[in-house]
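S.K.: Just passing along the structure, written as structure tokens.
Number of protein chains: 4
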Amino acid sequence: MEQTTTSERILDAAEALFVEHGFTETSLRVITRKADVNLAAVNYHFGSKTALIQAVFARHFDPFAELFGAALERLKADSPPSLDVLIDTLIHCALNTSSSHGDLRVFMKLLGMAYTRHQPNLREYLQDHYRPLFADFIDLVTQATPRLRREDRFWRLHFLLGSIVFTLSSLDTLRGMHPGETGHMPVRALAGQVRPMVLATLQAPSTDSAAISPFSQETSL
Amino acid sequence: MEQTTTSERILDAAEALFVEHGFTETSLRVITRKADVNLAAVNYHFGSKTALIQAVFARHFDPFAELFGAALERLKADSPPSLDVLIDTLIHCALNTSSSHGDLRVFMKLLGMAYTRHQPNLREYLQDHYRPLFADFIDLVTQATPRLRREDRFWRLHFLLGSIVFTLSSLDTLRGMHPGETGHMPVRALAGQVRPMVLATLQAPSTDSAAISPFSQETSL
Amino acid sequence: MEQTTTSERILDAAEALFVEHGFTETSLRVITRKADVNLAAVNYHFGSKTALIQAVFARHFDPFAELFGAALERLKADSPPSLDVLIDTLIHCALNTSSSHGDLRVFMKLLGMAYTRHQPNLREYLQDHYRPLFADFIDLVTQATPRLRREDRFWRLHFLLGSIVFTLSSLDTLRGMHPGETGHMPVRALAGQVRPMVLATLQAPSTDSAAISPFSQETSL
Amino acid sequence: MEQTTTSERILDAAEALFVEHGFTETSLRVITRKADVNLAAVNYHFGSKTALIQAVFARHFDPFAELFGAALERLKADSPPSLDVLIDTLIHCALNTSSSHGDLRVFMKLLGMAYTRHQPNLREYLQDHYRPLFADFIDLVTQATPRLRREDRFWRLHFLLGSIVFTLSSLDTLRGMHPGETGHMPVRALAGQVRPMVLATLQAPSTDSAAISPFSQETSL
DNA sequence: AATGAATGAGCATTCATTCAT
DNA sequence: GATGAATGAATGCTCATTCAT
Numbered sequence: 083m084e085q086t087t088t089s090e091r092i093l094d095a096a097e098a099l100f101v102e103h104g105f106t107e108t109s110l111r112v113i114t115r116k117a118d119v120n121l122a123a124v125n126y127h128f129g130s131k132t133a134l135i136q137a138v139f140a141r142h143f144d145p146f147a148e149l150f151g152a153a154l155e156r157l158k159a160d161s162p163p164s165l166d167v168l169i170d171t172l173i174h175c176a177l178n179t180s181s182s183h184g185d186l187r188v189f190m191k192l193l194g195m196a197y198t199r200h201q202p203n204l205r206e207y208l209q210d211h212y213r214p215l216f217a218d219f220i221d222l223v224t225q226a227t228p229r230l231r232r233e234d235r236f237w238r239l240h241f242l243l244g245s246i247v248f249t250l251s252s253l254d255t256l257r258g259m260h261p262g263e264t265g266h267m268p269v270r271a272l273a274g275q276v277r278p279m280v281l282a283t284l285q286a287p288s289t290d291s292a293a294i295s296p297f298s299q300e301t302s303l
Numbered sequence: 083m084e085q086t087t088t089s090e091r092i093l094d095a096a097e098a099l100f101v102e103h104g105f106t107e108t109s110l111r112v113i114t115r116k117a118d119v120n121l122a123a124v125n126y127h128f129g130s131k132t133a134l135i136q137a138v139f140a141r142h143f144d145p146f147a148e149l150f151g152a153a154l155e156r157l158k159a160d161s162p163p164s165l166d167v168l169i170d171t172l173i174h175c176a177l178n179t180s181s182s183h184g185d186l187r188v189f190m191k192l193l194g195m196a197y198t199r200h201q202p203n204l205r206e207y208l209q210d211h212y213r214p215l216f217a218d219f220i221d222l223v224t225q226a227t228p229r230l231r232r233e234d235r236f237w238r239l240h241f242l243l244g245s246i247v248f249t250l251s252s253l254d255t256l257r258g259m260h261p262g263e264t265g266h267m268p269v270r271a272l273a274g275q276v277r278p279m280v281l282a283t284l285q286a287p288s289t290d291s292a293a294i295s296p297f298s299q300e301t302s303l
Numbered sequence: 083m084e085q086t087t088t089s090e091r092i093l094d095a096a097e098a099l100f101v102e103h104g105f106t107e108t109s110l111r112v113i114t115r116k117a118d119v120n121l122a123a124v125n126y127h128f129g130s131k132t133a134l135i136q137a138v139f140a141r142h143f144d145p146f147a148e149l150f151g152a153a154l155e156r157l158k159a160d161s162p163p164s165l166d167v168l169i170d171t172l173i174h175c176a177l178n179t180s181s182s183h184g185d186l187r188v189f190m191k192l193l194g195m196a197y198t199r200h201q202p203n204l205r206e207y208l209q210d211h212y213r214p215l216f217a218d219f220i221d222l223v224t225q226a227t228p229r230l231r232r233e234d235r236f237w238r239l240h241f242l243l244g245s246i247v248f249t250l251s252s253l254d255t256l257r258g259m260h261p262g263e264t265g266h267m268p269v270r271a272l273a274g275q276v277r278p279m280v281l282a283t284l285q286a287p288s289t290d291s292a293a294i295s296p297f298s299q300e301t302s303l
Numbered sequence: 083m084e085q086t087t088t089s090e091r092i093l094d095a096a097e098a099l100f101v102e103h104g105f106t107e108t109s110l111r112v113i114t115r116k117a118d119v120n121l122a123a124v125n126y127h128f129g130s131k132t133a134l135i136q137a138v139f140a141r142h143f144d145p146f147a148e149l150f151g152a153a154l155e156r157l158k159a160d161s162p163p164s165l166d167v168l169i170d171t172l173i174h175c176a177l178n179t180s181s182s183h184g185d186l187r188v189f190m191k192l193l194g195m196a197y198t199r200h201q202p203n204l205r206e207y208l209q210d211h212y213r214p215l216f217a218d219f220i221d222l223v224t225q226a227t228p229r230l231r232r233e234d235r236f237w238r239l240h241f242l243l244g245s246i247v248f249t250l251s252s253l254d255t256l257r258g259m260h261p262g263e264t265g266h267m268p269v270r271a272l273a274g275q276v277r278p279m280v281l282a283t284l285q286a287p288s289t290d291s292a293a294i295s296p297f298s299q300e301t302s303l
């Protein structure tokens, strides 16, 4: 009669509520009520609220990590891939993974929530589980952008991660502010917008040191 | 003997704790204990926790808005400014404002927290108070990038906002992950990193429609 | 070992304290301490203080309403009852119901507290739940006092309700003021006092209009 | 410029709010805000909230007590007055006193609130200040109803007090329930309704003991 | 005579968690 | 595998009152 298991119902409800309201703002009471499940079931199945949060993440990240990891292995096997190919692979994996349950927006929003750090355990969890994967990716990017200073590459990658995570995280904020602009934009079209920025940013030449900080003398910071 | 007023002490404590732990995660009790102030003082001086959060914001944003607004007026009076000048003005104002109390990181982190939406009243507050300023800025950016499609410009601006906000928000996350890279990087040097990305992104040509979404056929989303 | 359930313990404690000190003046802390129960138990079992107040009422009123409703049905089935019979039925039901747990004084005091209106939700609750019962009773009284003007009957019924409720509500005030008079007066003897007043009042002829307000010309109200 | 004194403004605001919401439910904050007066002014002028409540009472009761006391003195000087005259005098004084500021309803509502006892100090205050007056009145009633048993008279007087206080206290409850019946009924017309009840009740013969409690054998109370 | 600031005690309510069944 | 009941700790907030000015 009832197809879904209790823990799946909890995960579904928790994910939706976490993404909409944040971790702290979502109580177990609300989750279990939405999942139509006993309050104690969360602690029974997951042990704690913290563990539930990690489980919500794992359900999204594990399939992506597997897909993306396999793709990187394939790329590594051949000659070192170009930057275009790397970026397209990343986007491809992100889009195809998340389509299994929930859209990319949920995936990204969770990622953003993990980074913007409330709930500190979460960051540790992600680092512990997915660091080798990210290291692989960064290695390949490094090979594909040999002329970029190491430091510059580091920051630009984080800027790019930030721009994507932030934009997708706040998509409905944006929709609220600019209904016309964002109305029917599907997530995959957004990916089209991301590509040129990523390429332009990573292909821009390294700044020479003299030009880095034209403002420095004016600030006391 | 005691130089600072009660409400300033509260604002200082609240700001530090909000930035470190988030709004919901920071209780009034912790704030007042840190500020060495009576618990009821928050409600006496600010009325509610929500109003306190807004006051923390206003203390950062109002000086910036004034500085940046005046600068934009000056730019508008002359001929339409180039993109470089606009971006440099923005960075300059951001750096010079926040230096008054607290660093740019706090400023950006607050901005990021407002966007990533927990505490929904906050977004409304920012929109109500600073919309005209942002509209002015976007107008000038539009004049400075005439060849960009309106839609592309919209998204790229948000990507850039995201990259900056996200990066500065998660600066200590990054420091935790890559001590070597980020160790002594002062905030104003980071501004030097931001500039080339911003220029490269906004100066990249608009994509032609055919190229926008090379992934669309592969995803069921 | 422990015979009574938690929610019964709460109801008992709450009832006693409400009657003695009023709703607002009785905190959940005091109730739970008296009931020897965890503070959160009230919200667990009843949801809110308001809901607890209603539950205290319901426990007294529901049995009375059932008893009185059934009695009225029986009276309606026969020929229209006389005023004596109606009044005696009412008193009988009031005495026999409340004797189950708590005395009539509690019952009446609660009724009086509901009427004298602090805690406005309560009046709505009583109206919503017991209106048909009261309507039935008033119908029968109307048939039993055909010579009374509708308006006069309305007011006199309220006067009578008031006299009973008020007297029983303030019984211990009276005992404090006139120990000799009220010392050992059992509640059921008081009922004997009520009867002649009720009958005399409802059987007094309607005033003729000229006599209604001999004071009107002297007051500017 | 400002006609009314601070303490009058406080008394006006407090009276209105007490009558509408009760003592405990009305905070000094609300009172002082309504009176457009500093929060500390209540404690400055009256010493405490309790003292403010008593002052609100005194402003209503003192003029009535003076008027009614004088009238009783005049009646005592002549031959013992009839019951009609006594009742009419009482009603007359009540109506004429209260008309000075605020209507009779406020007067009665305050009286009812004092009786139904939350705020226990208040009862003591009334007893201490007005007992001789009431004693005088009861003496005269006793002389005017020589055939009534002392005990019966005691109870019936309380029933009558209750009916009046209760009815006027809950006048707006009644208006809410029966708009048609109570719509334009001025308070002085209500006095016309009270009179026949009072006379009928006090003139009804004393019950004989056998008839007092026809219910006693059926109740276990 | 009046007031802005401050305070300690208390409020109803919600929280994640535990546990016997 | 699942749950109703219970709990201790903490939450934001309001209270009457005080006090220096």
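Protein chains in written order, with the numbering used here: chain S, 83 to 303; chain V, 83 to 303; chain C, 83 to 303; chain D, 83 to 303.
Where is the CB? At the ideal position from N, CA and C, for every residue including glycine.
These numbers were taken from a predicted model, which means no experiment stands behind them.
1) Buried or exposed for GLY129 (chain C), please, with buried defined as at least 16 other CB atoms from any protein chain shown within 10 angstroms of its CB.
2) Name the chain V residues that come within less than 7 Å of ALA282 (chain S), Cβ to Cβ?
3) Determine the closest residue to ARG235 (chain S) out of S:LEU222, S:VAL247 and S:ILE246, with distance taken between C-alpha atoms.
4) Cβ of VAL119 (chain S) within 9 Å of Cβ of LEU99 (chain S)?
5) I need the straight-line Cα distance from THR283 (chain S) to ASP210 (chain S), nearest angstrom please.
6) Can you check which of these residues, C:GLU107, C:ASP94 and C:LYS158, is closest to GLN225 (chain C) by C-alpha distance?
7) Is it buried or exposed, THR198 (chain D), if we count other Cβ atoms within 10 angstroms and call 16 or more buried?
8) CB-CB under 8 Å to LEU208 (chain D), same chain, minus the five flanking residues each way: which ones, in chain order?
9) Short of 7 Å in beta carbon distance, which residues of its chain neighbour TYR126 (chain C), apart from the five on each side in sequence? Order them along the chain.
10) With PRO214 (chain D) and THR179 (chain D) assumed to form a contact (beta carbons below 8 Å), what rounded beta-carbon distance in angstroms separates them?
11) Using only the alpha-carbon positions, how far apart do ASP166 (chain C) and THR227 (chain D) sit?
12) Can you find a CB in chain D that lies within less than 9 Å of the CB of PRO278 (chain C)?
13) Helix, strand or coil for ARG91 (chain S)? Go by DSSP, reduced to three states.
14) Would a check of beta-carbon distances place TYR212 (chain C) closer than 9 Å to chain D?
15) Say whether chain S places a C-beta atom closer than 9 Å to the C-beta of GLN136 (chain V).
16) In chain order, what residues of the same chain have a beta carbon less than 7 Å from the beta carbon of ILE246 (chain D), not counting five sequence neighbours either side?
17) Helix, strand or coil, according to DSSP, for PHE297 (chain D) in the structure here?
18) In chain order, which alpha helix (DSSP H) runs of at least 4 residues are fully inside the region 227 to 256 of chain D?
19) Which same chain residues end up closer than 8 Å to GLN231 (chain D) when comparing Cβ atoms and leaving out the 5 residues on each side of it in sequence?
20) Among the residues of its own chain, which have a CB less than 8 Å from the CB of ARG114 (chain D), if the five just before and after it don't count?
21) Are the C-beta of ARG238 (chain V) and some C-beta of chain S separated by less than 9 Å?
22) If we cut at 9 Å on Cβ distances, does GLU155 (chain V) have a partner in chain S?
23) Kindly say whether VAL247 (chain D), judged by its beta-carbon, lies nearer than 9 Å to any beta-carbon of chain C.
24) Find the nearest neighbour of VAL101 (chain V) within the set V:SER252, V:ALA271 and V:GLY274, judged by alpha-carbon distance.
25) Run through DSSP, which three-state label would ASN329 (chain S) get?
26) Please work out which residues of its chain come closer than 8 Å, Cβ to Cβ, to THR86 (chain V), disregarding the five sequence neighbours upstream and downstream, and give them in chain order.
27) Taking all protein chains shown into account, decide if GLU97 (chain V) is buried (16 or more other Cβ within 10 angstroms of its Cβ) or exposed.
28) Go ahead and pull the three-state DSSP assignment for GLY129 (chain V).
29) For PHE146 (chain D), name the three-state secondary structure that DSSP assigns.
30) Can the beta-carbon of PHE219 (chain C) be found less than 9 Å from the beta-carbon of LEU168 (chain C)?
31) In whole angstroms, what separates the C-alpha of PHE241 (chain D) from that of ALA217 (chain C)?
32) Check each residue of the region 88 to 112 of chain C: if its Cβ is closer than 7 Å to any Cβ of chain D, include it; give the result in chain order.
33) Under a three-way DSSP split, which group does GLU84 (chain C) fall into?
34) Would you mind sorting ALA176 (chain S) into buried or exposed? The rule is 16 or more other CB atoms within 10 Å of its CB.
35) Does GLU206 (chain C) come out as helix, strand or coil in the three-state DSSP assignment?
36) Might you give, ordered along the chain, the residues of its own chain that have their beta carbon closer than 8 Å to the beta carbon of PRO162 (chain S), omitting 5 neighbours on each side?
M.R.: According to the structure data:
1) Counting from 1 along the third sequence, the entry for residue 129 (chain C) is found at position 47. It counts as exposed.
2) Here residue 282 (chain S) corresponds to residue number 200 of the first sequence, with the count starting at 1. Under the 7 Å cutoff, chain V gives ALA282, THR283 and ALA286.
3) As a first step, residue 235 (chain S) must be located in the first sequence, where it is residue number 153. Answer by Cα proximity: S:LEU222.
4) As a position in the first sequence, residue 119 (chain S) is number 37, starting the count at 1. As a position in the first sequence, residue 99 (chain S) is number 17, starting the count at 1. For VAL119 (chain S) and LEU99 (chain S), no; Cβs fall outside 9 Å.
5) Numbered from 1 along the first sequence, position 201 holds the residue referred to as residue 283 (chain S). Numbered from 1 along the first sequence, position 128 holds the residue referred to as residue 210 (chain S). Spanning the two alpha carbons is a distance of roughly 29 Å.
6) The residue labelled residue 225 (chain C) in the question sits at position 143 within the third sequence. Measuring from the Cα of GLN225 (chain C), the nearest candidate turns out to be C:LYS158.
7) Position 116 of the fourth sequence, counting from 1, holds the residue named residue 198 (chain D). The residue is buried, with at least 16 neighbouring Cβ atoms inside 10 Å.
8) Working through the fourth sequence from its first residue, we reach residue 208 (chain D) at position 126. Result list for LEU208 (chain D): PHE139, PHE143 and ALA196, in chain order.
9) The residue labelled residue 126 (chain C) in the question sits at position 44 within the third sequence. Closer than 7 Å at the Cβ level, and outside the excluded window around TYR126 (chain C), lies no residue.
10) Translated into the one-based positions of the fourth sequence, residue 214 (chain D) becomes position 132. Translated into the one-based positions of the fourth sequence, residue 179 (chain D) becomes position 97. 18 Å between Cβ atoms; not a contact.
11) Your numbering for residue 166 (chain C) matches position 84 in the third sequence. Your numbering for residue 227 (chain D) matches position 145 in the fourth sequence. Their Cα atoms are separated by approximately 25 Å.
12) For the purposes of this step, residue 278 (chain C) is identified with residue 196 of the third sequence, where counting begins at 1. Chain D contact via Cβ: present.
13) What you label residue 91 (chain S) is simply residue 9 of the first sequence in a count that begins at 1. It is helical.
14) Locating residue 212 (chain C) in the third sequence gives position 130, counting from the first residue. Cβ-Cβ to chain D under 9 Å: no for TYR212 (chain C).
15) What you label residue 136 (chain V) is simply residue 54 of the second sequence in a count that begins at 1. No, its Cβ sits nowhere closer than 9 Å to a Cβ of chain S.
16) Within the fourth sequence, the letter at position 164 stands for residue 246 (chain D). The answer, listed in chain order, is MET190 and VAL276.
17) Walking along the fourth sequence from the start, residue 297 (chain D) turns up at place 215. With a pLDDT of only 40 at PHE297 (chain D), under the threshold of 50, the placement of this residue in the model should not be trusted; the figure read from the coordinates follows. Three-state result, PHE297 (chain D): coil.
18) 232 to 251
19) Translated into the one-based positions of the fourth sequence, residue 231 (chain D) becomes position 149. With the sequence shown as reference, residue 231 (chain D) is identified as Arg, and Gln is not the correct amino acid for it. Correct list, in chain order: SER288.
20) The residue given as residue 114 (chain D) occupies position 32 in the fourth sequence. Reading off the sequence, residue 114 (chain D) comes out as Thr, not Arg. ILE92, ALA95, ASN120, LEU121, ALA123 and VAL124, listed in sequence order.
21) The sequence position of residue 238 (chain V) within the second sequence is 156, counting from 1. Closer than 9 Å to some Cβ of chain S, the Cβ of ARG238 (chain V) qualifies, so yes.
22) By 1-based counting over the second sequence, the position of residue 155 (chain V) is 73. Not an interface residue.
23) Here residue 247 (chain D) corresponds to residue number 165 of the fourth sequence, with the count starting at 1. Cβ-Cβ to chain C under 9 Å: yes for VAL247 (chain D).
24) As a working note, residue 101 (chain V) is residue 19 in the second sequence. Here the closest residue by C-alpha is V:SER252.
25) As shown, chain S starts at 83 and ends at 303. That puts residue 329 (chain S) outside it, with no answer to give.
26) Translated into the one-based positions of the second sequence, residue 86 (chain V) becomes position 4. The residues are ASP94.
27) Within the second sequence, residue 97 (chain V) is the residue found at index 15, counting from 1. Classification of GLU97 (chain V): buried, given that the 10 Å Cβ count is 16 or more.
28) Taking the second sequence and counting its residues from 1, one reaches residue 129 (chain V) at position 47. Coil.
29) Within the fourth sequence, the letter at position 64 stands for residue 146 (chain D). Correct three-state label for PHE146 (chain D): helix.
30) The residue you call residue 219 (chain C) lines up with position 137 of the third sequence. The residue you call residue 168 (chain C) lines up with position 86 of the third sequence. Yes.
31) The residue you call residue 241 (chain D) lines up with position 159 of the fourth sequence. The residue you call residue 217 (chain C) lines up with position 135 of the third sequence. Distance between the alpha carbons of PHE241 (chain D) and ALA217 (chain C) is about 24 Å.
32) HIS103, GLY104, THR106 and GLU107
33) Taking the third sequence and counting its residues from 1, the one referred to as residue 84 (chain C) is at position 2. Confidence is the limiting factor: at GLU84 (chain C) the pLDDT is only 49, short of 50, which leaves the residue's position unreliable, though a coordinate-based value still follows. It is coil, neither helix nor strand.
34) Your numbering for residue 176 (chain S) matches position 94 in the first sequence. Result: buried.
35) On the third sequence, residue 206 (chain C) is found 124 positions in, with the first residue counted as 1. Here GLU206 (chain C) sits in helix by DSSP.
36) Within the first sequence, residue 162 (chain S) is the residue found at index 80, counting from 1. The residues are LEU222, GLN225 and ALA226.
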